[in-house]
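Undergrad: In case it helps, the UniProt record's numbering puts the sequence shown at residues 1 to 227.
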Amino acid sequence: MASDSKQHKYLTVYIHYNGLFAPKPLVCLNDVVVSICDVDFGAMDLKDFNLFIAKLIEGSCDNVYYCTRNEPLVEGIRRIGNDADYFEFIETGYSDEAGLRMNVYLDHENEPVLDWANMEVVEDDEGHYSEEDPNDDKDSQLSDDIPYEHEAYDYIPSLDKTIGDEFLHRVSGMCKDINDEAETDEVETKNGDDKPVYPVHNENQKWDKMVPILGVRFSNPMELKIV
1 MASDSKQHKY LTVYIHYNGL FAPKPLVCLN DVVVSICDVD FGAMDLKDFN
51 LFIAKLIEGS CDNVYYCTRN EPLVEGIRRI GNDADYFEFI ETGYSDEAGL
101 RMNVYLDHEN EPVLDWANME VVEDDEGHYS EEDPNDDKDS QLSDDIPYEH
151 EAYDYIPSLD KTIGDEFLHR VSGMCKDIND EAETDEVETK NGDDKPVYPV
201 HNENQKWDKM VPILGVRFSN PMELKIV
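1. Which value, in whole angstroms, describes the spacing of the CA atoms of V39 and A22?
2. Since Y94 and R78 are thought to touch, with beta carbons under 8 angstroms apart, how far apart are those beta carbons, to the nearest angstrom?
3. Using beta-carbon positions only, say whether C37 and T12 come within less than 8 angstroms of one another.
4. Using only CA atoms, which one of N50, G81, D31, K9 lies nearest to L16?
5. What span of residues does the beta strand (DSSP E) with I15 cover, start to end?
6. Indicate the three-state DSSP secondary structure (helix, strand or coil) for L26 in the structure shown.
7. Assign K55 to one of three DSSP states: helix, strand, or coil.
8. Under 8 angstroms by Cβ, that's how I've got V74 and P25 pegged, so tell me the actual separation to the nearest angstrom.
9. Taking the alpha helix (DSSP H) that V74 falls in, what are its first and last residues?
10. For D83, name the three-state secondary structure that DSSP assigns.
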C-alpha cells in the first residue's frame, strides 16, 4: 500500500474532465475540476481507479494522464496505461516534490497529447518557444547608463574661410590688421577729419593701366563697369 493509512495522509487528486487539449503551449481548456482528498488511492489498482473515476464523472475514462501540481503540463504529463504506470503515479504523489497533490486529466477526444508535449519540448530546446531572459532588459539598462567618452581630436578644422586669404580676411571685418589701423590714423591726421577720404575713380586713366583699389568710390555704375 503506497498511502500512509495510519496517519490518514491521503493524496489530494484534482480530476480534470470534459475539457479539450490544445498545443503550443499544451493546456486543457474548459475543463471541469473535482478535488478528491478522502480516498485511499494507494489501496487501488488501475482497474479500481478507472471504475471510481467513471462513476464520479458518469462517463468513460479511456485516456488518463497525470501531472504534479508544481510542474508545467508540457513537461510533467504522463499516461496511466497499466498497473505499473498507476503505481508510479501513486509514488510520485507521495514524493516530497509533489506534496500529496496530483492532477489527473481525462482525454475524451483521443488527442495525441503526448506527441504534442514531446514536440513542444524539442522545439523549446531549439529556442523556438523559449521565454525571454528577464536579465536582458537589466543588462540593456545598465549599458545605457554607462557614459560614452569621445576621443579627443588632435586637429580641429576651422570654419573661418578667410584664413590664408588676405583679401577675404580684410573684407570680412572679422579681424583688423595693424596696418589698416595705421593707414586710417594717417588719413585722419592728414585731413584733420574723423572720416577717412577714399581714392576716387580717375576717368582719364586708360583702362588697361587701371589697378583695382580696395575702397575706391565710383560716381555712377558705368565707372564700375569699366573697371
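Glycine included, C-beta positions come from ideal geometry on N, C-alpha and C.
Computed from a prediction, not measured in an experiment: that's the story for all the values here.
TA: Result, derived from the coordinates:
1. On the sequence shown, position 39 is the one that residue 39 refers to. On the sequence shown, position 22 is the one that residue 22 refers to. CA-to-CA, the gap between V39 and A22 works out to about 30 angstroms.
2. Here residue 94 refers to the residue found at position 94 of the sequence shown. Here residue 78 refers to the residue found at position 78 of the sequence shown. That belief does not hold up - the Cβ atoms of Y94 and R78 are roughly 15 angstroms apart, past 8 angstroms.
3. As a position in the sequence shown, residue 37 is number 37, starting the count at 1. As a position in the sequence shown, residue 12 is number 12, starting the count at 1. For the 8 angstroms CB-CB criterion, C37 and T12 form a contact.
4. Taking the sequence shown and counting its residues from 1, one reaches residue 16 at position 16. Leu is not the amino acid found at residue 16; the sequence shown has His there. Here the closest residue by C-alpha is D31.
5. As a first step, residue 15 is located in the sequence shown; it is residue number 15 there, counting from the start. I15 -> beta strand (DSSP E) spans 12-17.
6. Position 26 of the sequence shown, counting from 1, holds the residue named residue 26. When secondary structure is reduced to three states using DSSP, L26 falls in the coil class, being assigned neither helix nor strand.
7. Locating residue 55 in the sequence shown gives position 55, where the first residue counts as 1. Per DSSP, reduced to three states, the secondary structure at K55 is helical.
8. Looking up residue 74 in the sequence shown gives position 74. Looking up residue 25 in the sequence shown gives position 25. Contact flag correct, Cβ pair sits at about 6 angstroms.
9. On the sequence shown, position 74 is the one that residue 74 refers to. Here the alpha helix (DSSP H) through V74 covers 73-76.
10. What you label residue 83 is simply residue 83 of the sequence shown in a count that begins at 1. In the structure shown, D83 sits in a helix (DSSP, three-state: H, G or I).
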